[in-house]
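One structure below.
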Amino acid sequence: MSKTKILIAEDNPDSQSLLQTILEGEGFIVTTAADGEKAIDILCEIKPDVLVTDLMLPTVSGGDLIRHVRRTAGLAQLPIVVISAYGDAYESDALAVGANVVLKKPLDSDLLVNTIRELKAPHGGGVQA
Amino acid sequence: MKKLRVLVVEDNDDSRELYALVLARAGFDVKGAVDGEAALEMLDQCDPDLLITDIQTPNLSGVDLIRRIRADEKWGKLPIIAITAFSPDQLAHAAIHGATRVLRKPFEPNRLLSAVFELTRKTRARSAGFPGPQS
Numbered sequence: 001m002s003k004t005k006i007l008i009a010e011d012n013p014d015s016q017s018l019l020q021t022i023l024e025g026e027g028f029i030v031t032t033a034a035d036g037e038k039a040i041d042i043l044c045e046i047k048p049d050v051l052v053t054d055l056m057l058p059t060v061s062g063g064d065l066i067r068h069v070r071r072t073a074g075l076a077q078l079p080i081v082v083i084s085a086y087g088d089a090y091e092s093d094a095l096a097v098g099a100n101v102v103l104k105k106p107l108d109s110d111l112l113v114n115t116i117r118e119l120k121a122p123h124g125g126g127v128q129a
Numbered sequence: 130m131k132k133l134r135v136l137v138v139e140d141n142d143d144s145r146e147l148y149a150l151v152l153a154r155a156g157f158d159v160k161g162a163v164d165g166e167a168a169l170e171m172l173d174q175c176d177p178d179l180l181i182t183d184i185q186t187p188n189l190s191g192v193d194l195i196r197r198i199r200a201d202e203k204w205g206k207l208p209i210i211a212i213t214a215f216s217p218d219q220l221a222h223a224a225i226h227g228a229t230r231v232l233r234k235p236f237e238p239n240r241l242l243s244a245v246f247e248l249t250r251k252t253r254a255r256s257a258g259f260p261g262p263q264s
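Residue numbers (this note's numbering), protein chains in the order written: chain A, 1 to 129; chain B, 130 to 264.
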C-alpha cells in the first residue's frame, strides 16, 4: 500500500514545522504550502490523500481554500482537517463550508494522527488501533 | 543512563511543542515553561542540563532571564541557547548578556540539535562514565 500523502497549508513557520515533524514521524509523505494560493496551485499536482489546513492563511483564506476544494472536480472528496486556534463560531463555519474535522489548539498530536488515519480509510478496512 | 534534561522557554504553544518534539526524539527529557518568570521558578525543581529560550517571552524577557541566570550562584554556568526571529542587533544583545549560543529563526531542527549536542558534550560524557580531559 502506498504511503499517505498530506498537504499542510499553514503560514506560521513553527506551526508548519511542528505539523510536518509529527506527520513525517508517522511515515506520511508531507508537502507544505505557506499560503492558500500556493496550496491551490499544488493540490492538483501532488494529489494528497488528506489536506490539513489553518483557517487564517495569507492570499486565500482557509475557508476559501476549503470551498475551492469542494467545488473542484477530482478534489471534491478530499478529506480536510482544520487546525483552529479560534472559537466555536469558526469551527461551525469551517464545517459548514466542507471541512471534515476541526481540531483545536493546543494540538493533540495523537488525535491528529488518528484522525488522518480514519479519514484515509473511511470504510474501516485497513486501520489498526 | 540518565537522560539529559532541557528546559524550553517559549510562549508560543506550537513553537514550544516543536522544540520539545525534536529534542524528545533525539533522546532528551524536555520540560516547558511559557515565560521567563515561570522558568526561574521551576529551575531548581527541573534541574536542567541546558536551557533554550525565546528572546521575547512575556513577563520576563529571554534576555532578562539569561541575565538573571548568569547572576545566580547555582545556575550561573548553565548552557543557554537563545532563539530569536529578530535582527542581528538582538542576536548580539542576547550574546552580550550571556547566551552560550544564539540561533536565528526560521527554526531548523538540525541546527538546534547540533548546538544542543555540542553544549551538552561534557555532561553526556560524564553521565556515560567518561570524565574526559579537564578544561
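Note that beta-carbon positions come from the ideal geometry of N, C-alpha and C, so glycine has one too.
All of these numbers come straight from a predicted model, not from anything done at the bench.
Asked, Found
"Starting from the beta carbon of Pro-235(B), find every residue of chain A whose beta carbon is closer than 7 Å, and list them in chain order.", "Pro-13"
"Quick one: is Ser-144(B) near chain A, going by C-beta distance under 8 Å?", "yes"
"For Leu-147(B), decide whether its Cβ has a neighbour in chain A, counting only Cβ atoms nearer than 8 Å.", "yes"
"Please report the straight-line C-alpha distance between Arg-51(A) and Val-101(A), rounded to a whole angstrom.", "First, the amino acid is wrong: residue 51(A) is Leu here, not Arg. One C-alpha to the other measures close to 11 Å."
"Tell me where the beta strand (DSSP E) around Arg-134(B) begins and ends.", "134-138"
"Less than 8 Å between CB atoms is the rule here; does Pro-106(A) satisfy it with respect to chain B?", "yes"
"For Gly-62(A), which of Val-97(A), Thr-31(A), Leu-78(A), Ala-73(A) has the nearest alpha-carbon?", "Val-97(A)"
"Would you say Asn-141(B) faces chain A, with C-beta separation under 8 Å as the test?", "yes"
"Below 8 Å on C-beta distance, what does Leu-23(A) contact in chain B?", "Those within 8 Å of Leu-23(A) in chain B number zero; the least Cβ separation is about 11 Å."
"When Cβ atoms are compared, which residues of the stretch 148-164 of chain B fall closer than 9 Å to chain A?", "Tyr-148, Leu-150, Val-151, Arg-154"
"Hey, is the stretch 166-175 of chain B in contact with the stretch 113-120 of chain A, meaning 3+ C-beta pairs nearer than 8 Å?", "no"
"For Ser-80(A), which option in Leu-65(A), Ala-73(A), Pro-58(A), Ser-15(A) has the closest C-alpha, if you only look at C-alpha atoms?", "For the sequence presented, residue 80(A) should be read as Ile rather than Ser. It is Leu-65(A)."
"With a floor of 3 residues, list each beta strand (DSSP E) that falls wholly inside the stretch 69-103 of chain A, ordered by position along the chain.", "80-84"
"Within 7 Å: the Cβ of Thr-186(B) and any heavy atom of the ligand ATP?", "With respect to small molecules bound, the structure shown includes none, and the ligand ATP cannot be examined in it."
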